[in-house]
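> The structure is given below, and queries will be raised subsequently.
Protein chains: 2
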Amino acid sequence: MSVEFSHSQALRLLHDVSLAQVREGGVDLSNRQLAILLTIYMDLPPHTVRGLAAKLNVTKPVITRALDAMGEKDLVARRRDPADRRNVIVQRTVQGALYLEKLGDLVITNARELHL
Amino acid sequence: MSVEFSHSQALRLLHDVSLAQVREGGVDLSNRQLAILLTIYMDLPPHTVRGLAAKLNVTKPVITRALDAMGEKDLVARRRDPADRRNVIVQRTVQGALYLEKLGDLVITNARELHL
DNA sequence: GCGAATCAATACGGCTCCGTAACGGTTTTG
DNA sequence: CAAAACCGTTACGGAGCCGTATTGATTCGC
Chain L
-14 MSVEFSHSQA LRLLHDVSLA QVREGGVDLS NRQLAILLTI YMDLPPHTVR
36 GLAAKLNVTK PVITRALDAM GEKDLVARRR DPADRRNVIV QRTVQGALYL
86 EKLGDLVITN ARELHL
Chain Y
-14 MSVEFSHSQA LRLLHDVSLA QVREGGVDLS NRQLAILLTI YMDLPPHTVR
36 GLAAKLNVTK PVITRALDAM GEKDLVARRR DPADRRNVIV QRTVQGALYL
86 EKLGDLVITN ARELHL
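Here the protein sequences come in this chain order: L and Y. Just so we're aligned: the first sequence equals residues -14 to 101 in the working numbering. Just so we're aligned: the second sequence equals residues -14 to 101 in the working numbering.
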């Protein structure tokens, strides 16, 4: 299945998705937070703070703080690694999966409306 | 040209794009700023502060501040409306067009890598 | 076993953005 | 013309995130 995105189609898709996000005014994540959340849900576990920091090319406190913020919204959960208690394992949550499901639907809906 | 986005393909695309943005670490706009910028470049002019605020469902100071921030990066420009000097007309810039061109390319490149 | 190394979290000062409210400048209205 | 309406900006206090440096807990290396 192959398709040629036109340049303006790509930007229109971004426009519609980000506009819907802004207008909705619900949960709004920073670029970094979204990247972290998507990495947790799309890449293979396990996810540690250090691993996420390396993958996103940011410092560890950035990850810790993002997990704090998203943890309060129940989008992710933390657990100490029993094998090596220095590590923290980042886990998915029902709430987080739900949020990303809606986000994916938003992309798909807008892509369809572009006859893309 | 039509294609069925799968749910995970949509999220993967978002993941790759936001990850690239974060890893790059260059100009990073908030969700709102990006929505404003894309509206200015994708929707028909003229664009006023009030009009943008209504379109994005946010207050006017949000628009003013976003224009301040993006104006300093030369992504947008402001001009008084000669016809009604209360209005401010928001204009595109070369720098802004360049930024969005790169962003569009990023989406297209990542979409292609997904064989989408 | 004990010091070095590793992990995540925290402290700190600084910057940006927020929402509400007030403000000057301009135009419309009566 | 004066009062009201309108437009964008600024003021203000507060919240969130940043980078750097440090801390506390745990594990590794010798």
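Backbone N, C-alpha and C fix where the C-beta goes; we use that ideal spot for every residue, glycine too.
Quick one: what does DSSP say Y/Ala68 is sitting in, helix, strand or coil?
Coil.
> I want to see whether chain Y comes within less than 8 Å of L/Thr24, judged by CB atoms only; does it?
Closer than 8 Å to some Cβ of chain Y, the Cβ of L/Thr24 qualifies, so yes.
> Roughly how many whole angstroms lie between the Cα atoms of L/Gln76 and L/Val12?
Distance between the alpha carbons of L/Gln76 and L/Val12 is about 19 Å.
> Have a look at the DSSP bridge pairing and note the partners of L/Arg50.
In the DSSP output, where bridge partners are listed per residue, L/Arg50 has none listed.
> Suppose the cutoff is 7 Å on Cβ atoms and the five residues either side in sequence are ignored; what does the same chain contact list for Y/Lys40 look like?
Closer than 7 Å at Cβ, skipping near neighbours: Thr24.
> Counting beta carbon pairs with one atom in the segment 26 to 33 of chain Y and one in the segment 43 to 55 of chain L, are three or more of them shorter than 8 Å?
No, because fewer than three Cβ pairs between the segment 43 to 55 of chain L and the segment 26 to 33 of chain Y fall closer than 8 Å, the two stretches do not touch.
> Is Y/Asp1 closer than 8 Å to Y/Asn72 when the C-beta atoms are compared?
No, they are not a contact pair.
> If the cut is a Cβ gap below 7 Å, which residues of chain Y does L/Gln6 touch?
Within 7 Å Cβ-Cβ: Asn16.
> Write down every uninterrupted run of the alpha helix (DSSP H) in the segment -9 to 15 of chain Y whose length is 4 residues or greater and which is fully enclosed by it, in chain order.
Fully enclosed alpha helix (DSSP H) runs of 4 or longer: -8 to 9.
> Using a Cβ cut-off of 7 Å, pull out every chain Y residue sitting near L/Gly81, in sequence order please.
By Cβ distance, chain Y contributes nothing, its closest Cβ being about 12 Å from L/Gly81, past 7 Å.
> Taking L/Lys58 as the reference, which of L/Pro46, L/Val92, L/Phe(-10), L/Leu14 has the closest Cα?
For the residues L/Pro46, L/Val92, L/Phe(-10), L/Leu14, the minimum Cα distance to L/Lys58 belongs to L/Leu14.
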